[in-house]
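Remarks on the structure that follows.
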Amino acid sequence: TDPDREGEAIAQETAKSLGIDPIKCQRLLFYEITPRSIKEALSNPLTINQNLVESQLSRQVLDRMIGFCLSTILQKKLQALSAGRVQSVVLKLIVEREELIKQFEKKKLYILCGLCQVNKQKITLKQVDETGELIIYKEKSAAEEIKKKLSLIFQLAGQKEEKKFILPKPPLITSLLLFEAKSQLGFSVAQTTQLAQKLYEGKEKTLNVQGAHESIHPTYLDFQPEEIKSSLTEEEYKLYKICQFAGFLAVAPEVYFPNYNVKLKSELITLWSPAVPGISQLEAYKIEVQEYQENKPVRYNEGSLVQELERLGIGRPSTYNLFGRVLLKRGYAELNEKGQFIPTPLGIAVNN
């Protein structure tokens, strides 16, 4: 069973069912199905953690005292189906994010941009002040007034080199794997969970992916995804590549890449852009006022919602694929064309 409070409680109930004293029985703990890991577990047996067992029992009591009672009230008042200890928090996150988006749209902000093209490469210049801070306008008309005073010619005013360090990434944890699979492959949380479980169990000895509640990485880094592709389905192969790549990044040395910023001037305005080697003057084909989107809140999809739950310490990896589906089934939320959660009027009422 999983090395968490629920796993400890299941182990205790299993011991009782077998007529074994839970206090005296021993429990083996391993995170990967490999000879080395299992031998290590056999050499270091543990007892059932009674504190975790009591914690699981306390959680069950809370479910019955609060969740069941609250569900009854919702059914009477709103004809809603249920509330849950984690389900209600997930709904709260979705509703609060929607409120942030509405607040952002009410107070639109604007920036001035010069659009250039050099060697078929599009470059966007953004207005900044003398310290390099982006200038943001609360009123579009104010930005339009500055725009009228500008020419399309920008002269190189200065150049500096910045070192940007890219640090090694930590191995994947469950929430990050679910997020990456959603963003890179378009896999749902449920689909990724099922595929990861198959990789964890291993179709052959060499296919194991380390899992459970530790970080996720291949048990044998010397096997390239292409070498074992024939033993995997197409979806398993794609997910294994993500795990393999993350495993190598975790042990890679830190590297840095030079980044050049060019300061360009045109009468009353200064702007920054990526460096264009050998060019001291740029001519914009257009200067326009753009809506400032950088800090705009974005609706949750399955992957980003799981990451937020992980960050807040809510729920368990084994149940992450349930929360979104429950809200959709209850009619508390729906998905837009981008696969993002939008609360329904019923969901908002339940949350309130």
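When we follow this note's numbering, the leftmost residue of the sequence shown carries the number 76, and every step to the right adds one. We put the beta carbon where it would ideally sit given N, CA and C, even for glycine. The model shown is predicted, which means the values in this text are computed figures rather than measured ones.
- CA-to-CA distance, residue 162 to residue 326, given in whole angstroms: Any answer about residue 326 is weak, because its pLDDT of 44 lies below 50 and its placement is not dependable; what the coordinates show is given next. Residue 326 and residue 162: Cα-Cα distance of roughly 37 Å.
Inter-stretch contact at 8 Å, needing at least 3 Cβ pairs: the stretch 213-228 / the stretch 354-366
yes
**Q.** Separation of residue 203 from residue 130, as counted between CA atoms
**A.** 54 Å
- Beta-carbon separation of residue 93 and residue 418 under 9 Å? no
Check: Are the CB atoms of residue 409 and residue 416 nearer to each other than 9 Å?
Finding: yes
query = If you scan the stretch 196-220 from start to end, which runs of the alpha helix (DSSP H) of 4 or more residues do you find wholly inside it?
reply = none
State the DSSP-derived secondary structure class of residue 376, mapped to helix, strand or coil.
strand
Which same chain residues, not among the five before or five after residue 383, have their C-beta less than 8 Å away from its C-beta? 168 and 375
* If you run the structure through DSSP and keep just helix, strand and coil, what is residue 229? -> strand
Q | Cβ-Cβ separation, residue 135 to residue 121 (assumed contact under 8 Å), whole Å | A | Wrong, their Cβ atoms sit about 23 Å apart, outside the cutoff.
*Taking only runs of the beta strand (DSSP E) that begin and end inside the stretch 119-171, which ones reach a length of at least 3 residues, in chain order?*
none
Quiz prompt | Nearest residue (CA-CA) to residue 413, options 404, 407, 394 and 378 | solution = 378
Taking just the CA atoms, how far does residue 369 sit from residue 317? 28 Å
Nearest to residue 66 by CA position, among 154, 152 and 164, is which residue? This structure does not reach residue 66, given that the chain is present from 76 up to 427, and the question cannot be answered.
Q. Thinking just about the alpha-carbon of each residue, which of 421, 367, 159 and 386 is nearest to the one in residue 188?
A. 367
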